[in-house]
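*Asks:* Attaching a single structure in structure tokens format; questions to follow.
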Amino acid sequence: MPKNVVNPEFLPILEKMPSFDGLSARSLPEVREIFMTAVRLIEGRPLPDVETQEEYIPGPAGAPDVRVLIYRPRVRRPNAPAMVYIHGGGLVSGHPEVDDPKCQVLASKMGFVIVSVDYRLAPEVKYPGAIEDCYAALKWVHENAAGLGINRDKVVVAGESAGGGLSAALALMARDRKEYRLAYQLLIYPMLDDRTATKVDPAPDFGEYVWTRSANKYAWEAYLGAAAGGDDTPAYASAARAKDLSGLPPTFVGVGSMDLFLCEDLDYSRRLMAAGVPTEVMVVPGAYHVFDMFVPDAELSRRFMDAYCAGLKRTLGL
């Protein structure tokens, strides 16, 4: 896909961004470091009205404690909304600091208490390690609502890329286990379907930039411990495999028009709507994967955040 299709605001940084093409077990340590170097390019200054705290919370049964970062407005308000935020990185890289600028803005702009999860990564820990870590964080948020000063009826899940896929899986898990309620799911260009890694797509140019088909295939197989696209992939690993999407919370799905995940995200959105789930969908023209993370001040990036913040406000009555 020629670069003249990329929105002009997103072009300059594209030359500096790493490609994950060729991701493999051998290259993963280097790719993790490259990813963090790229993230340092976009680090912003801490917002003065937001405080950040590191905490270790109880993990899943028999597993280590889970590290989380907690963001909250310095001026506390009672019964604040809460957000379990799940970072991206293809299930094989990343940590909560990746989303530090976004989490600070959401805490400042929306008044959320945000718990960002440092879940265990593949291939060192395969499915269901990551999703169970995220469920442990949801459990902790609900069980510590009083101390956090949050409203249990206004707990949402959000994440981008792999974190968006884990958010969708967490919403399915919460629905099925019936222990902890979610009021909303914010799925930012989510990684939802392992079958994309093996599909011959009629539009092969999707995913040319940043997160590519080969990277996607390696990441899914590292997480699943099996070939991507197989018949037995569980829905809590790959949310698009869920046969029943009814009873899920209101949803926002956003994705760029050049993103590898475009088709799977649109298909999941269509199925959510068919299941009666209130769903808002936004496709950002000329945008590649993680466009808003690397060019947050672009007009389309700001409009993207404004759109999902508006969805949160409408649903939660903020």
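The sequence shown begins at 309 in our numbering and counts up one residue at a time.
Beta carbons are placed, not taken as given, at the ideal position from N, Cα and C, and that holds for glycine.
#1: If the criterion is Cβ atoms closer than 8 Å, does the pair Pro-557 and Ala-453 meet it?
#2: Are Ala-527 and Ser-565 close, meaning C-beta to C-beta below 8 Å?
#3: For Tyr-364, report the span of its beta strand (DSSP E) as first-last.
#4: What is the DSSP secondary structure of Ala-535, reduced to helix, strand or coil?
#5: Roughly how many angstroms lie between the CA atoms of Ala-536 and His-403, to the nearest whole one?
#6: Whole angstroms is fine: what's the gap from Leu-495's alpha carbon to Gly-473's?
#7: Does the separation of the CB atoms of Tyr-616 and Phe-560 fall below 8 Å?
#8: Who are the Cβ neighbours of Pro-389 in its own chain at under 6 Å, not counting the five residues just before and after it?
#9: Could you have a look at Arg-380 and say whether DSSP puts it in helix, strand or coil?
#10: Counting C-beta neighbours from all protein chains within 10 Å, is the total for Ser-554 16 or more, i.e. buried, or is it exposed?
#11: With distances taken Cα to Cα, identify the nearest neighbour of Gly-370 among Ser-401, Lys-417, Leu-355, Gly-437.
#12: Going by CA-CA distance only, name the one from Gly-398, Leu-446, Gly-467 that's closest to Arg-460.
#13: Would the C-beta of Ser-554 count as close to the ligand SAH, meaning under 7 Å from any of its heavy atoms?
#14: Pick helix, strand or coil for Glu-588, following the three-state DSSP scheme.
#15: For Asn-387, name the three-state secondary structure that DSSP assigns.
#16: Taking contact to mean 3 or more Cβ pairs, one atom from each stretch, closer than 8 Å, check whether the stretch 598 to 607 and the stretch 520 to 534 are in contact.
#17: Taking the alpha-carbon of Leu-377 as reference, which of Ile-321, Leu-456, Val-383 has the nearest alpha-carbon?
#18: My assumption, with CB atoms under 8 Å, is that Leu-580 sits in contact with Ser-546. Please give the rounded CB distance.
#19: Within 10 Å of its beta-carbon, does Ala-444 have 16 or more other beta-carbons around it, so buried, or fewer, so exposed?
#20: Below 7 Å CB to CB, which residues in the same chain sit around Pro-510 once its five sequence neighbours on both sides are set aside?
#21: List the endpoints of the continuous beta strand (DSSP E) containing Ser-424.
#22: Using the C-alpha atoms, what's the distance from Tyr-393 back to Val-406?
*Replies:* In short, the structure shows the following:
#1: No. Outside cutoff.
#2: No Cβ-Cβ contact shorter than 8 Å links Ala-527 with Ser-565.
#3: For Tyr-364, the uninterrupted beta strand (DSSP E) run begins and ends at 358 to 365, by DSSP.
#4: Note: Ala-535 maps to coil in three-state DSSP.
#5: Cα atoms of Ala-536 and His-403: separation of roughly 24 Å, rounded to the nearest angstrom.
#6: Computed Cα separation, rounded: 7 Å.
#7: For Tyr-616 and Phe-560, yes; Cβs fall inside 8 Å.
#8: The beta carbon of Pro-389 lies closer than 6 Å to those of Phe-420, Lys-462, Leu-624 in the same chain, with the five residues before and after it left out.
#9: In this structure, Arg-380 counts as strand in the three-state DSSP scheme.
#10: Answer is exposed; the Cβ neighbour count stays below 16.
#11: Residue Gly-437 holds the alpha-carbon nearest to the alpha-carbon of Gly-370 among Ser-401, Lys-417, Leu-355, Gly-437.
#12: Comparing Cα-Cα distances from Arg-460 to each of Gly-398, Leu-446, Gly-467, the minimum goes to Leu-446.
#13: No copy of the ligand SAH occurs in the structure displayed, which carries no ligand at all.
#14: DSSP places Glu-588 in strand when its eight states are reduced to three.
#15: DSSP places Asn-387 outside both helix and strand once states are collapsed to three, so it counts as coil.
#16: No, the stretch 598 to 607 is not in contact with the stretch 520 to 534.
#17: Residue Leu-456 is the option with its Cα nearest to Leu-377.
#18: The pair is not a contact, with the Cβ atoms about 15 Å apart (cut-off 8 Å).
#19: With a 10 Å radius around the Cβ and a threshold of 16 neighbouring Cβ atoms, Ala-444 comes out buried.
#20: For Pro-510, the predicted structure reports a pLDDT of 46, less than 50, and the residue's modelled location is therefore unreliable. The matter cannot be settled from this model.
#21: Taken as a continuous stretch (DSSP letters only), the beta strand (DSSP E) holding Ser-424 covers 421 to 426.
#22: Approximately 11 Å between the Cα atoms of the pair.
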